[in-house]
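In the working numbering, the protein residues as written are 90 to 187.
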(Lines of atoms letter the chains of each structure in order from A; the text may use other names.)
(Lines give C-alpha, C1' and ligand atoms only; values in the text may rest on other atoms or scores of the structure.)
Protein backbone atom coordinates (compact mmCIF):
# COMPACT_ATOMS: atom_id res chain seq x y z
CA UNK A 90 0.00 0.00 0.00
CA UNK A 91 1.40 3.40 -0.91
CA UNK A 92 1.31 6.55 1.16
CA UNK A 93 -1.20 7.98 -1.30
CA UNK A 94 -3.58 5.07 -0.66
CA UNK A 95 -3.73 5.75 3.08
CA UNK A 96 -3.88 9.54 3.02
CA UNK A 97 -7.25 10.99 4.07
CA UNK A 98 -9.25 12.80 1.44
CA UNK A 99 -8.80 16.57 1.67
CA UNK A 100 -12.01 18.37 2.56
CA UNK A 101 -12.85 21.58 0.74
CA UNK A 102 -12.99 24.29 3.46
CA UNK A 103 -15.72 26.22 1.63
CA UNK A 104 -17.89 23.08 1.41
CA UNK A 105 -17.27 22.33 5.10
CA UNK A 106 -18.30 25.88 6.05
CA UNK A 107 -21.46 25.57 3.93
CA UNK A 108 -22.28 22.26 5.61
CA UNK A 109 -21.71 23.66 9.11
CA UNK A 110 -24.00 26.61 8.33
CA UNK A 111 -26.68 24.34 6.87
CA UNK A 112 -26.54 21.91 9.80
CA UNK A 113 -26.88 24.81 12.26
CA UNK A 114 -29.83 26.18 10.28
CA UNK A 115 -31.57 22.78 10.19
CA UNK A 116 -31.16 21.88 13.86
CA UNK A 117 -34.23 23.80 15.14
CA UNK A 118 -36.42 22.16 12.49
CA UNK A 119 -35.13 18.66 13.21
CA UNK A 120 -35.14 19.03 17.01
CA UNK A 121 -38.50 20.86 16.92
CA UNK A 122 -37.30 23.51 19.34
CA UNK A 123 -35.31 26.73 19.34
CA UNK A 124 -31.56 26.21 19.07
CA UNK A 125 -29.23 29.21 19.19
CA UNK A 126 -25.52 29.81 19.27
CA UNK A 127 -24.51 26.62 17.49
CA UNK A 128 -21.04 26.43 15.97
CA UNK A 129 -18.83 23.73 14.47
CA UNK A 130 -17.81 22.81 18.04
CA UNK A 131 -21.36 22.31 19.36
CA UNK A 132 -21.89 18.77 20.66
CA UNK A 133 -24.90 17.33 18.86
CA UNK A 134 -25.84 14.49 21.19
CA UNK A 135 -24.46 15.71 24.51
CA UNK A 136 -25.41 19.40 24.33
CA UNK A 137 -28.45 19.29 22.05
CA UNK A 138 -29.85 15.83 22.73
CA UNK A 139 -29.74 14.64 19.13
CA UNK A 140 -30.85 11.00 18.93
CA UNK A 141 -30.08 8.42 16.26
CA UNK A 142 -33.52 9.06 14.74
CA UNK A 143 -33.14 12.83 14.64
CA UNK A 144 -29.57 12.39 13.40
CA UNK A 145 -30.80 10.46 10.39
CA UNK A 146 -33.52 13.04 9.84
CA UNK A 147 -30.85 15.76 9.92
CA UNK A 148 -28.79 13.97 7.25
CA UNK A 149 -31.88 13.53 5.04
CA UNK A 150 -32.83 17.21 5.46
CA UNK A 151 -29.26 18.19 4.59
CA UNK A 152 -29.38 16.10 1.42
CA UNK A 153 -32.63 17.76 0.38
CA UNK A 154 -31.55 21.30 1.22
CA UNK A 155 -28.21 21.10 -0.60
CA UNK A 156 -29.32 18.67 -3.33
CA UNK A 157 -26.62 16.16 -2.33
CA UNK A 158 -26.47 12.42 -1.93
CA UNK A 159 -24.55 11.27 1.13
CA UNK A 160 -23.23 7.76 1.69
CA UNK A 161 -24.43 6.68 5.13
CA UNK A 162 -22.91 3.18 5.12
CA UNK A 163 -20.01 4.20 7.38
CA UNK A 164 -21.90 6.88 9.33
CA UNK A 165 -21.49 6.20 13.04
CA UNK A 166 -22.11 7.72 16.44
CA UNK A 167 -18.70 9.44 16.46
CA UNK A 168 -19.64 11.35 13.30
CA UNK A 169 -22.47 12.95 15.28
CA UNK A 170 -20.06 14.16 17.99
CA UNK A 171 -20.18 17.81 16.93
CA UNK A 172 -21.61 19.89 14.11
CA UNK A 173 -18.08 20.00 12.65
CA UNK A 174 -17.53 16.24 12.80
CA UNK A 175 -20.82 15.68 10.97
CA UNK A 176 -19.85 18.29 8.36
CA UNK A 177 -16.48 16.54 7.91
CA UNK A 178 -18.18 13.17 7.44
CA UNK A 179 -20.65 14.55 4.90
CA UNK A 180 -17.94 16.41 2.95
CA UNK A 181 -15.88 13.22 2.73
CA UNK A 182 -18.78 10.91 1.85
CA UNK A 183 -20.68 12.57 -0.97
CA UNK A 184 -21.92 10.26 -3.70
CA UNK A 185 -21.45 11.40 -7.26
CA UNK A 186 -23.66 10.60 -10.21
CA UNK A 187 -22.03 8.25 -12.65
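By construction, the Cβ of each residue, glycine as well, lies at the ideal position given by its N, Cα and C atoms.
Original post:
For residue 179 versus residue 127, is the C-beta distance shorter than 8 Å?
Top reply: no
Original post:
Looking at the structure shown, is residue 132 part of a helix, part of a strand, or coil, going by DSSP?
Top reply: strand
Original post:
Taking buried to mean at least 16 other C-beta atoms within 10 Å of its own C-beta, is residue 95 buried or exposed?
Top reply: Any reading at residue 95 needs caution, since the residue's pLDDT is 42, under 50, leaving its predicted position unreliable; the model's value is listed next. The residue is exposed, with fewer than 16 neighbouring Cβ atoms inside 10 Å.
**OP:** Count the other CB atoms, across all protein chains shown, that sit within 10 Å of the CB of residue 177; report buried if there are 16 or more and exposed otherwise.
**Re:** buried
Original post:
Going along the chain, which residues of its own chain have a beta-carbon closer than 7 Å to the beta-carbon of residue 160, five neighbours each way excluded?
Top reply: 182, 184
Subject >> For residue 175, three-class secondary structure by DSSP >> reply: helix
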